[in-house]
Each structure stands twice: as C-alpha cells, then as structure tokens.
Amino acid sequence: MKKNSVAYAASFGDSHFEQDDYQKLNEKLKNFNAIGLRENQMIPYVASHVDVPVQRVIDPTLLLDASFWNKYLSPIKIENYVLVYQLHNDEKLGRYAKRVADEMNLPLVRISASFHQITREGKFVWCPEMGQFLSYIKNATCMITDSFHGTAFAINFNTPFVEVLPNNNTGTRNMSILRMTGLSHRILRDEEDIQLAKNKVDFTEANEVLKEKRIESLEILKKMIEE
C-alpha cells in the first residue's frame, strides 16, 4: 500500500519510553513518507527505523517571523512587568519569578489556560485571547517560562526570558531550540541567580539562525507536500 502521510515538526517531548512503547512507535513510523522533527535527540533513533527522510525542522510558529505575529497583537492594560507562562507544576518557577519581580520592582503577571494557577504567584490572567497572549509575551520586561512555545515566541519577539526546564523529563524540545539559537545560557541552573533575569539578551545569533532555518524548513515542507 502506498504511504501518503508526512509529519512536519513532530515532537516526542519525553523520550523516556518503555520498551513496549518503542515497539508501537516503530510500527507507526512506517506510515510516513517523510518525517520532520523539532528536536535533535530522537533523529538518530527515528532515522534508524525508517527508510524515508528524517530531518530537523523548526516549529510552525517560527516559520513566521515577528512582523507576521505583530499584526495580531491586541492591547493589554499593563506595561513594565515580569511575565510567568507555566505549563508544569514546578514550584521553583513561581518562587523564582516572584523574586525576580520583587528585585526589579515590577508587578508579576501570570497567564494560563489552567484556572487552578489562580492560586500561584502573580496577577492571574485566565485564557487571554490570542492577540493578548502574544502581547503579554512581546511586551514583557522579562518572561519566566517552562513552555516550548513560550520560549519560541520569546525568541521570535526578542523578549528577554529565563528558561526553567520542565521537571518531568519533557524538556528535550526546549533544550533543542535553545541550543539551535545559541541561547542555552538562558536556562536557570541556580534558583538564586536573579541576575540571569536582569541580564540583557543578545538575540543577534538567534535571529540569523531562525532566518536561515525558515528558508530551510519551508523548502523541506514544500518538498514533503509535493512528493
């Protein structure tokens, strides 16, 4: 039977699988004509189990640069703030963000689609619509995040950020994008390091890398579709 499926910007997140999971994965991989992955870590494994192209590509949100996303910004009622965008339950992230905000003498804002985060540090904004979500990230003085897409938009908007890697082994794609853009030094390694959040971030290398990767990834995607 002819295969007619491709995978663009697929991601494993957590690559710590049980043996039975790997067996299921190997069977599913046979359904694809081409595979593009967001993180480098699983490329050797996937490539060794299929006879189709397996390539590194960037996330779809990064195929579009900041000038595109700027068209969808919506007004927000705050300026000069520290932003928390958190997906996981690591209490360290909230503590650190609160200390950063106190040290910078700025309000702390937390955006989330999970209502239970109302009990965590920061002024809670529940489910901002897309334009507001983008504006909160773009206009933050600094963002503290464990989210891959939070990181991706921070890099795209050149927003200063601190990466708190997820505490559940799902940070492979976060690590991959940071290594690719030369921003691994933005990972929090010491909860006492408030200076990391205050340091200026040079996005020059990241911007150049993304410019090249957009061209490369779009070519890969085009070839996937046409073939």
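So the sequence shown is numbered by this note's numbering: it starts at 42 and just counts up by one.
Using N, Cα and C, we set each Cβ at its ideal position, and we do this for glycine too.
- In this structure Thr245 is exposed. Its beta-carbon is surrounded by fewer than 16 other beta-carbon atoms within 10 angstroms.
- Per the coordinates, the alpha-carbon of Asn146 lies some 38 Å from the alpha-carbon of Lys254.
- Measuring C-alpha to C-alpha distances from Glu170 to each of Pro148, Ile218, Ile117 identifies Ile117 as the nearest.
- Under the DSSP assignment, Lys164 falls in the beta strand (DSSP E) whose first and last residues are 164–167.
- Closest in C-alpha terms to Gln96, from the list Lys65, Asn111, Ala51, comes Ala51.
- In this structure, DSSP gives Arg220 a helical state, which the three-state scheme calls helix.
- Between Leu134 and Gln127, the alpha-carbon positions lie close to 8 Å from each other.
- In this model, Phe58 and Glu232 are separated by some 29 Å (Cα to Cα).
- Restricted to the segment 106–136, the alpha helix (DSSP H) segments that are unbroken, complete and at least 4 residues in length are 107–111, listed in chain order.
- Gly77 is the residue among Val123, Gly77, Ser188 whose C-alpha sits nearest the C-alpha of Ile99.
- Comparing alpha carbon positions, the residue from Leu175, Arg161, Ile152 closest to Cys168 is Ile152.
- Within the DSSP bridge table, the entry for Arg97 names Leu78 as partners.
- By the criterion of at least three beta-carbon pairs nearer than 8 Å, the segment 157–168 is not in contact with the segment 218–225.
- Judged by their CB atoms, Ile228 and Glu204 are nearer to each other than the 7 Å cut-off.
- Distance from the CA of Leu237 to the CA of Met184, rounded to the nearest whole angstrom, comes to 12 Å.
- Between the alpha carbons of Glu80 and Lys139 lies a distance of about 31 Å.
- Look at Val150 here: in three-state DSSP terms it is strand.
- Met145 sits in a helix when the DSSP states are folded into three classes.
- DSSP, reduced to helix, strand and coil, places Phe202 within a strand of the structure shown.
- Apart from the 5 residues on each side of it in sequence, Lys252 has no Cβ closer than 7 Å to any other Cβ in its chain.
- The three-state secondary structure of Ser188, taken from DSSP, is coil.
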